[in-house]
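Protein chains: 2
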Amino acid sequence: MAMPVVDFLYEFASTYSYPAAMRIEAVAEAAGVAVRWRPFLLGPIFAEAGWTTSPFNLIPAKGRNMWRDLERTTAAMGLPFRRPDPFPQNSLLAARIATALPDDGRRAAFSKEVYRAEFGEGLAISDPEVLGAILKRLGIEPAPLIVAAGSDQVKQVLRATTDDAKAKGLFGAPSIVTADGELFWGNDRVEQAVAWATKPT
Amino acid sequence: MAMPVVDFLYEFASTYSYPAAMRIEAVAEAAGVAVRWRPFLLGPIFAEAGWTTSPFNLIPAKGRNMWRDLERTTAAMGLPFRRPDPFPQNSLLAARIATALPDDGRRAAFSKEVYRAEFGEGLAISDPEVLGAILKRLGIEPAPLIVAAGSDQVKQVLRATTDDAKAKGLFGAPSIVTADGELFWGNDRVEQAVAWATKPT
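Top to bottom, those sequences are chains A and B. Position 72, counted from 1, in the first sequence is what this note's numbering calls 73; the numbers after and before it change by one each time, with no gaps. Position 37, counted from 1, in the second sequence is what this note's numbering calls 38; the numbers after and before it change by one each time, with no gaps.
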């Protein structure tokens with residue numbers, strides 16, 4: 002029997018995608034589940050709801066609780082935490098580079114390092130130098146990736162992933178979708194999503 | 002040393018308050034923590050955000066996921082689930098009766114039965130007969146409670162709880178607040194809130 006697979010749909014500007022990205026592989030591996038890393042853009046989905054920025058900015062009390070909760074969550078995981086300014090960060094270049102990388106471990110490694118830079122160190126992930134330094138640390142030559150990130154093919158794939166996310170009912174990130182289309186939203190649902198994927202059908 | 006206490010702030014129209022109400026006592030008891038049951042109204046807080054109904058209605062994809070997630074959550078807990086129509090229910094009378102009841106076990110018992118009626122059986126909790134039947138089943142004479150629910154004193158206490166909730170930064174329900182003012186939001190944070198309450202200060 003083939004290994005069950007879940008789609009991990011994440012947005013680089015999304016706060017709770019940080020802890021989820023850092024732990025989904027371990028949770029999935031323990032259950033014998035494979036993870037497809039699928040970066041997408043929340044902007045077009047939020048725009049349809051009439052939002053021009055993160056709901057965490059639109060509802061200040063919700064935002065205050067989120068930052069405090071993220072601080073508690075990352076502390077419990079032993080992860081660094083530093084709030085980036087501005088929030089949300091422009092995530093387009095990071096999403097395009099992640100899309101350009103093959104999903105063979107390199108996309109996951111890059112994505113986790115982007116989250117650590119953004120929410121662990123408070124760095125600007127819209128800065129090509131920040132992203133280039135991450136690629137270098139991973140042993141990947143930055144220049145070809147930056148070029149690929151600007152290609153029509155990568156833009157198209159990222160747009161298709163975002164359209165697919167919308168079609169699957171996504172309204173936030175991170176979200177996890179199982180092969181049978183079950184949608185789980187948030188860092189708090191990583192375990193349930195992985196368990197769902199291993200259910201006998 | 003006095004037993005640590007958490008404030009459990011709940012709204013009868015709130016979907017995730019149902020599973021939280023059903024399990025918070027067991028979680029708290031296992032940790033040696035007492036629970037204060039504090040019903041409040043989300044309406045005035047949502048109104049300040051410019052919302053005229055539940056965000057689950059305003060963002061249809063978010064609402065679809067919530068109903069499905071609540072179905073999964075209640076199934077995992079062995080609780081009945083039935084979606085009430087309309088949603089949200091008018092929760093004012095239930096909140097006033099709960100406020101009128103003493104927080105000595107009777108308020109908790111009534112509140113849990115209201116949630117079971119609403120989200121387990123899909124009953125209208127704005128119906129005085131539904132609420133009266135619950136009181137009767139609990140061995141409480143309904144008539145004096147219905148009268149007390151309409152008193153200025155009860156209205157004032159409920160308003161004060163709602164004002165206090167807002168002052169503590171609440172933006173949704175259920176929320177749990179510890180004695181040192183730490184705010185935890187959602188059924189997913191029951192364990193963390195209770196653990197926080199037992200931390201040495």
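Using N, Cα and C, we set each Cβ at its ideal position, and we do this for glycine too.
Throw me the rounded Cβ distance for the residue i and residue j pair, which I believe falls under 8 Å.
i	j	result
B:Pro5	B:Val34	5 Å
A:Ala174	A:Ser18	5 Å
A:Phe172	B:Ala62	4 Å
A:Thr179	A:Ala32	About 12 Å separates the two Cβ atoms, so there is no contact after all.
A:Leu132	A:Ile98	6 Å
A:Met23	A:Leu102	The Cβ separation is near 18 Å, so there is no contact.
A:Met67	A:Pro20	That belief does not hold up - the Cβ atoms of A:Met67 and A:Pro20 are roughly 12 Å apart, past 8 Å.
B:Asp155	B:Thr100	A quick correction: the sequence has Val, not Asp, at residue 155 of chain B. About 5 Å separates the two Cβ atoms, so the contact holds.
A:Trp38	A:Ser112	6 Å
B:Arg83	A:Gly170	Rounded, the Cβ-Cβ distance is 22 Å, inconsistent with contact.
B:Leu203	B:Leu159	Look at the range of chain B in this structure, 2 to 202, and you will see that residue 203 of chain B is not part of it.
On the three-state DSSP scale, how would you describe residue i?
i	result
A:Arg39	strand
A:Leu102	coil
A:Tyr11	strand
B:Phe47	helix
B:Val115	helix
B:Ile141	coil
B:Leu124	coil
B:Leu92	Sequence check: residue 92 of chain B is Ser here, not Leu. Coil at B:Ser92, not helix or strand.
B:Trp186	strand
B:Thr179	strand
B:Val191	helix
A:Val28	helix
B:Val34	coil
Cβ closer than 8 Å: which chain B residues qualify as neighbours of residue i?
i	result
A:Trp186	Asn66 and Asp70
In chain B, which residues lie less than 7 Å from residue i when you measure between Cβ atoms?
i	result
A:Lys156	Those do not exist, as A:Lys156 stays about 24 Å from chain B at its closest Cβ, beyond 7 Å.
A:Gly170	Ala62, Arg65 and Asn66
Run the CB neighbour count on residue i, radius 10 Å, all protein chains shown included, and call it buried at 16 or more, exposed below.
i	result
B:Thr53	exposed
B:Gly51	exposed
A:Pro40	buried
A:Val115	buried
A:Gln90	buried
B:Gly187	buried
A:Asp8	buried
A:Glu122	exposed
A:Gly44	buried
B:Glu119	buried
B:Arg190	buried
B:Pro201	exposed
B:Ala194	buried
A:Ala166	buried
A:Asp164	exposed
B:Asp70	buried
Run through chain A and tell me which residues come within less than 9 Å of residue i, C-beta to C-beta.
i	result
B:Gly33	Result: empty, since nearest Cβ-Cβ is about 21 Å, beyond 9 Å.
B:Gln193	Asp70, Arg73, Thr74 and Ala77
Note down, in chain order, every chain B residue with its Cβ under 9 Å from the Cβ of residue i.
i	result
A:Ala48	Going along chain B, no residue has its Cβ under 9 Å from A:Ala48, so there is no contact; the nearest lies around 13 Å.
Anything in chain A within Cβ reach of residue i, meaning under 7 Å, just list it in chain order.
i	result
B:Asp189	Asp189
Please determine if the stretch 85 to 100 of chain A and the stretch 7 to 16 of chain A are in contact, where contact requires at least 3 C-beta pairs separated by less than 8 Å. Taking 8 Å as the limit for Cβ pairs, the verdict is that the stretch 7 to 16 of chain A does touch the stretch 85 to 100 of chain A.
Could you say if the stretch 139 to 149 of chain A and the stretch 43 to 50 of chain A meet the contact criterion of at least three C-beta pairs nearer than 8 Å? Contact between the stretch 139 to 149 of chain A and the stretch 43 to 50 of chain A is absent, because fewer than three Cβ pairs lie under 8 Å.
Three or more C-beta pairs below 8 Å linking the stretch 99 to 115 of chain A and the stretch 132 to 142 of chain A: Short answer: they touch.
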